[in-house]
Amino acid sequence: MNEQIFKTPIEYLKGVGPQRAEILKKEISIFTYGDLLHYYPFRYIDRTQFYKVKDANPNLPYIQILVRLKSFETIGEKGTRRLVAEAVDDTGEIELVWFQGVNWIQKTLKLNQVYIIFGKVSYFNGKPQMAHPEIEFFKKENQNKGNLSLQPVYSSTEKLKQFSLDSKGIQRIMANLIDIVFNDIEEELPEYLIKKYKLYKRNIALLNIHFPKDTQVLKITQNTIKFEELFFIQFRMLRSKLLRSQKFKGNIFESVGEKFTFFYENLLPFQLTNAQKRVIKEIRLDTQRGAQMNRLVQGDVGSGKTVVALMTMLLAIDNGFQTCLMAPTEILATQHYHSLHALLKDDFVSIKLLTGSTKKKERKLIAESLESGKLSILIGTHALIEDPVIFKNLGLAVIDEQHRFGVEQRAKLWRKNNVPPHILVMTATPIPRTLAMTLYGDLDVSVIDELPAGRKPIKTIHMFENHRLRMFGLMKQEIAKGRQVYVVYPLIQESSKLDLKNLMDGVDTMSREFPLPNYRISIVHGQLKPADKEFEMQRFVKGETQIMVATTVIEVGVNVPNASVMIIENSERFGLSQLHQLRGRVGRGAEQSYCILMSEHKLSREGRIRLDTMVQTNDGFEIAEIDLQLRGPGNIEGKQQSGLMDLKLADLAQDQKILQEARKSVIEIFETDPDLNKPENKILKSFVTKAENGITLNKIS
Ligand code: ADP
Ligand code: MG
24 MNEQIFKTPI
34 EYLKGVGPQR
44 AEILKKEISI
54 FTYGDLLHYY
64 PFRYIDRTQF
74 YKVKDANPNL
84 PYIQILVRLK
94 SFETIGEKGT
104 RRLVAEAVDD
114 TGEIELVWFQ
124 GVNWIQKTLK
134 LNQVYIIFGK
144 VSYFNGKPQM
154 AHPEIEFFKK
164 ENQNKGNLSL
174 QPVYSSTEKL
184 KQFSLDSKGI
194 QRIMANLIDI
204 VFNDIEEELP
214 EYLIKKYKLY
224 KRNIALLNIH
234 FPKDTQVLKI
244 TQNTIKFEEL
254 FFIQFRMLRS
264 KLLRSQKFKG
274 NIFESVGEKF
284 TFFYENLLPF
294 QLTNAQKRVI
304 KEIRLDTQRG
314 AQMNRLVQGD
324 VGSGKTVVAL
334 MTMLLAIDNG
344 FQTCLMAPTE
354 ILATQHYHSL
364 HALLKDDFVS
374 IKLLTGSTKK
384 KERKLIAESL
394 ESGKLSILIG
404 THALIEDPVI
414 FKNLGLAVID
424 EQHRFGVEQR
434 AKLWRKNNVP
444 PHILVMTATP
454 IPRTLAMTLY
464 GDLDVSVIDE
474 LPAGRKPIKT
484 IHMFENHRLR
494 MFGLMKQEIA
504 KGRQVYVVYP
514 LIQESSKLDL
524 KNLMDGVDTM
534 SREFPLPNYR
544 ISIVHGQLKP
554 ADKEFEMQRF
564 VKGETQIMVA
574 TTVIEVGVNV
584 PNASVMIIEN
594 SERFGLSQLH
604 QLRGRVGRGA
614 EQSYCILMSE
624 HKLSREGRIR
634 LDTMVQTNDG
644 FEIAEIDLQL
654 RGPGNIEGKQ
664 QSGLMDLKLA
674 DLAQDQKILQ
684 EARKSVIEIF
694 ETDPDLNKPE
704 NKILKSFVTK
714 AENGITLNKI
724 S
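Under this note's numbering, residues 24 to 724 are what the sequence shown spells out, in order.
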């Protein structure tokens with residue numbers, strides 16, 4: 024075995040040389056033998072079998088069909104001139120069409136001749152069609168020739184093609200590479216896992232991913248590589264979790280004390296849902312073990328995460344610790360401050376707000392009371408981590424709306440204390456389980472899967488511009504009942520000026536339709552000073568205004584239970600999770616609430632799916648799954664740290680089963696053999712050792 028061989032500069036490979044090496048580096052970041060080996064085909068051409076016309080459909084790769092030519096003719100004028108042929112087999116008819124080389128191809132075609140046609144099938148007017156198929160005479164002796172394997176197709180670029188590195192060219196150098204390195208490809212997975220999940224050995228898999236014999240082999244090969252990718256992400260995650268629990272002691276919240284009990288018995292204005300109770304119990308157990316808690320509480324919008332956080336904080340305070348709660352925006356932090364303050368009643372526990380706009384004098388007071396230990400709850404934004412605030416004994420940090428806080432920021436918090444505080448992360452952005460396992464795989468997860476009783480599901484309606492009057496009607500009807508309305512405009516990142524104009528035009532329209540003195544409108548957008556934002560927010564919170572026109576600053580967490588209508592303008596411009604978040608701002612009280620999605624008539628396919636999804640379901644998890652299918656995990660925040668970048672083949676939307684198997688395997692390994700001392704785990708141990716000795720193995724380090 025010679026691991027160094029994978030570091031060999033690509034120019035030394037037969038068929039490459041210095042000039043092509045330059046292009047490979049520039050165009051597709053292939054520097055070494057190893058890089059090329061992991062440059063996988065993006066699809067395969069299936070010439071291993073003949074398909075029947077009736078089975079031909081657009082979901083198949085490039086396929087071949089044996090057909091008889093029934094008719095052909097050129098139709099259309101210059102520009103749209105094309106050659107159209109009808110071909111049949113014993114199961115049906117397929118149309119062939121050529122737009123180029125019409126004259127030449129027409130000359131070669133013979134009626135009633137049997138041909139092999141090869142290409143991608145699409146549907147045209149409900150009928151199967153192949154555009155620009157490759158076509159060749161069928162000869163009996165050809166039947167088994169040239170059909171031996173799937174052909175890999177690599178993505179290439181114009182530049183690469185100029186240097187003969189089109190897909191075929193890459194295939195050629197890949198063949199050279201595999202010849203040289205095959206024997207040096209080391210196994211990375213323990214033998215028993217390969218057996219258990221019926222995978223290939225790694226060298227076989229890497230050979231087959233480039234040159235698969237047939238679709239059966241390809242399937243197993245892809246499973247193998249996906250499993251390996253996902254296994255090592257989980258391995259890294261869960262190992263760091265294990266190390267953390269070995270390295271860090273955790274504060275022990277011994278007992279439920281006076282404040283917790285008093286709050287529960289006298290102040291809590293409602294019955295906790297069973298889900299809330301269960302999660303509080305999970306947290307209780309977690310904080311008694313003597314290890315640091317790292318827990319993610321996932322709960323759909325409006326499921327009541329705040330009170331869970333508050334009760335956890337009271338638990339900490341009862342045990343002599345200080346706590347903090349961090350939110351992604353100042354609005355949200357301020358709102359938390361007000362609502363916790365209200366829940367706790369005066370002086371029950373000391374609670375303060377620290378944000379970017381906190382005055383110097385107040386800051387000083389806060390700093391003092393933190394250091395002396397007098398202050399029990401500090402609420403703030405990110406500023407809390409950046410700020411040189413020093414707690415006397417921070418026992419718990421709650422992070423609301425985690426998707427805006429990265430792993431690194433979390434780590435910063437720990438450094439604020441000798442014994443790291445317990446961490447409670449709350450997110451209302453439901454993420455599919457697969458993503459949760461990958462992004463937050465090092466956290467324990469609690470789920471609040473129940474909404475408080477008496478909530479009516481929000482009615483979501485999609486309206487086009489010509490229904491605007493109907494929308495105004497609904498607004499008036501709700502306002503007449505004493506309810507309040509949000510109207511949200513999208514943010515167009517590139518131009519905050521345009522955003523503002525958009526919003527201000529909206530305000531104009533609204534003020535004409537809803538004039539003073541009967542109606543009052545709050546306006547909140549990103550260009551406002553925090554104090555002005557807060558002022559406008561408060562007018563709405565207090566019910567002094569009935570309409571809140573805003574950009575997405577109100578997206579997360581804002582809680583005004585009396586608001587019953589959410590109008591989203593240009594809703595086609597929003598992502599699914601954003602739409603769901605926004606909708607979550609209403610439906611927080613007992614009344615029927617509405618979400619109106621205004622959109623233009625012209626919608627992209629995805630835009631249409633997003634809006635339809637919103638109309639059809641209120642279930643955040645279902646929405647998150649669809650969102651993942653639509654967007655792919657490409658745009659997910661936090662993917663840098665999570666190892667998602669290393670995924671070449673695995674797809675979190677498609678490969679949930681493999682991910683679950685991989686994670687389960689890793690969990691079992693760490694449960695039964697945390698130090699990897701068993702002989703069957705030797706292979707993993709050797710990786711860990713290498714990683715610890717600073718040998719960069721991107722899999723583990
Ligand atoms: P989220 O999970 O989205 O952060 P909040 O914590 O803001 O939700 O709670 C939404 C609303 O539901 C708040 O007004 C809160 O007081 C209320 N609430 C929370 N738990 C319950 C409950 N068990 N019964 C009734 N209302 C509740
Ligand atoms: Mg919340």
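Beta carbons: idealized from backbone N, C-alpha and C, even for Gly.
Model, not experiment: these values are computed from the prediction.
Cβ separation of residue i and residue j, assumed to be a contact under 8 angstroms, to the nearest whole Å
{"i": "L230", "j": "F205", "result": "6 angstroms"}
{"i": "I217", "j": "M316", "result": "In fact, because the Cβ distance is near 36 angstroms, the residues do not count as touching under 8 angstroms."}
{"i": "D341", "j": "G280", "result": "3 angstroms"}
{"i": "E703", "j": "E214", "result": "7 angstroms"}
Local Cβ density within 10 Å of residue i, reported as buried at 16 or more and exposed below that
{"i": "S627", "result": "exposed"}
{"i": "N148", "result": "exposed"}
{"i": "W121", "result": "buried"}
{"i": "A198", "result": "exposed"}
{"i": "F710", "result": "buried"}
{"i": "H603", "result": "buried"}
{"i": "P156", "result": "buried"}
{"i": "P151", "result": "buried"}
{"i": "A476", "result": "exposed"}
{"i": "Q664", "result": "Any reading at Q664 must be qualified, since the residue scores a pLDDT of 49, below 50, and its modelled position is unreliable; no value is offered."}
{"i": "R43", "result": "buried"}
{"i": "N728", "result": "Given that the chain is displayed from residue 24 to residue 724, the structure contains no residue 728 and the question cannot be resolved."}
{"i": "I33", "result": "buried"}
{"i": "E210", "result": "exposed"}
{"i": "Q245", "result": "buried"}
{"i": "S594", "result": "buried"}
Residue i: CB within 7 angstroms of a non-hydrogen atom of ligand 1
{"i": "G610", "result": "no"}
{"i": "K328", "result": "yes"}
{"i": "F644", "result": "no"}
{"i": "Q601", "result": "no"}
{"i": "G325", "result": "yes"}
{"i": "P480", "result": "no"}
{"i": "N582", "result": "yes"}
{"i": "G322", "result": "yes"}
{"i": "L367", "result": "no"}
{"i": "G607", "result": "yes"}
{"i": "T296", "result": "yes"}
{"i": "P475", "result": "yes"}
{"i": "Q604", "result": "no"}
{"i": "Q245", "result": "no"}
{"i": "F293", "result": "yes"}
{"i": "Q185", "result": "no"}
{"i": "Q507", "result": "no"}
{"i": "Q299", "result": "yes"}
Contact test: residue i Cβ vs ligand 2 heavy atom, cutoff 7 angstroms
{"i": "A451", "result": "yes"}
{"i": "T55", "result": "no"}
{"i": "D237", "result": "no"}
{"i": "D472", "result": "no"}
{"i": "D423", "result": "yes"}
Beta carbon of residue i nearer than 8 angstroms to that of residue j
{"i": "I619", "j": "I484", "result": "yes"}
{"i": "H364", "j": "I374", "result": "yes"}
{"i": "D423", "j": "S263", "result": "no"}
{"i": "V470", "j": "Q321", "result": "yes"}
{"i": "Q507", "j": "Q569", "result": "yes"}
{"i": "V324", "j": "G598", "result": "no"}
{"i": "R70", "j": "P84", "result": "no"}
{"i": "F141", "j": "Q87", "result": "yes"}
{"i": "T357", "j": "E557", "result": "yes"}
{"i": "I208", "j": "R225", "result": "yes"}
{"i": "D309", "j": "R301", "result": "no"}
{"i": "V572", "j": "V530", "result": "yes"}
{"i": "V442", "j": "K272", "result": "yes"}
{"i": "A676", "j": "Q652", "result": "yes"}
{"i": "A685", "j": "F250", "result": "yes"}
{"i": "V412", "j": "T335", "result": "no"}
{"i": "L401", "j": "L393", "result": "yes"}
Short CB-CB distance (under 8 angstroms) between residue i and chain C
{"i": "F29", "result": "The question asks about chain C, but that chain is absent: this structure has only one protein chain."}
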